[in-house]
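Undergrad: In the working numbering, the protein residues as written are 222 to 313. Each residue gets a CB set at the ideal place from its N, CA and C atoms; glycine is no exception. Following this message is one structure expressed as structure tokens.
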């Protein structure tokens with residue numbers, strides 16, 4: 222569980238991103254569950270820049286899987302690792 226991991230790292234907060242209003246209900250429920258499991262760890266919600274509100278990890282993985290350029294979505298190191306990963310998978 223994320224609260225167990227946070228506790229093992231002596232964290233005091235879990236940071237979560239909210240891209241759209243539709244994310245809020247799920248994230249709010251998870252924050253309440255996490256609070257019940259570990260009262261000392263808060264959940265903090267951050268909003269992304271509007272340029273990234275449509276983006277999620279599934280989209281990035283799919284673009285990378287089909288050989289697309291993800292450099293506008295992720296840091297250079299992540300783009301490089303994704304490219305390498307999916308080139309190896311596509312070779313077989």
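Helix, strand or coil for residue 302 per DSSP?
TA: Indexing the chain shown from 1 puts residue 302 at position 81. Of the three classes helix, strand and coil, the one that applies to residue 302 here is helix, per DSSP.
Undergrad: By DSSP's criteria, residue 235 is part of a beta bridge. Which residues make up the other side?
TA: Within the chain shown, numbered from 1, the residue matching residue 235 stands at position 14. 264, per the DSSP bridge assignment.
Undergrad: Relative to the C-alpha of residue 224, which residue among 252, 246, 241 and 243 is closest?
TA: Numbered from its first residue, the chain shown carries residue 224 at position 3. In terms of Cα proximity to residue 224, the closest of 252, 246, 241 and 243 is 252.
Undergrad: Over the uninterrupted alpha helix (DSSP H) stretch that includes residue 258, give me the two end residues.
TA: Along the chain shown, read from residue 1 onward, the residue named residue 258 stands at position 37. 242 to 258 is the extent of the alpha helix (DSSP H) around residue 258.
Undergrad: From 241, 258 and 312, pick the residue whose C-alpha is nearest to that of residue 228; which is it?
TA: Here the question's residue 228 lines up with position 7 in the chain shown. The option with the nearest alpha carbon to residue 228 is 258.
Undergrad: So what does DSSP say about residue 168, is it helix, strand or coil?
TA: Because the chain in this structure spans residues 222 to 313, residue 168 falls outside the shown range and cannot be described.
Undergrad: Looking at residue 236 and residue 255, is the spacing between their C-beta atoms short of 8 angstroms?
TA: Here residue 255 is taken as the residue at index 34 of the chain shown, counted from 1. Here residue 236 is taken as the residue at index 15 of the chain shown, counted from 1. No, they are not a contact pair.
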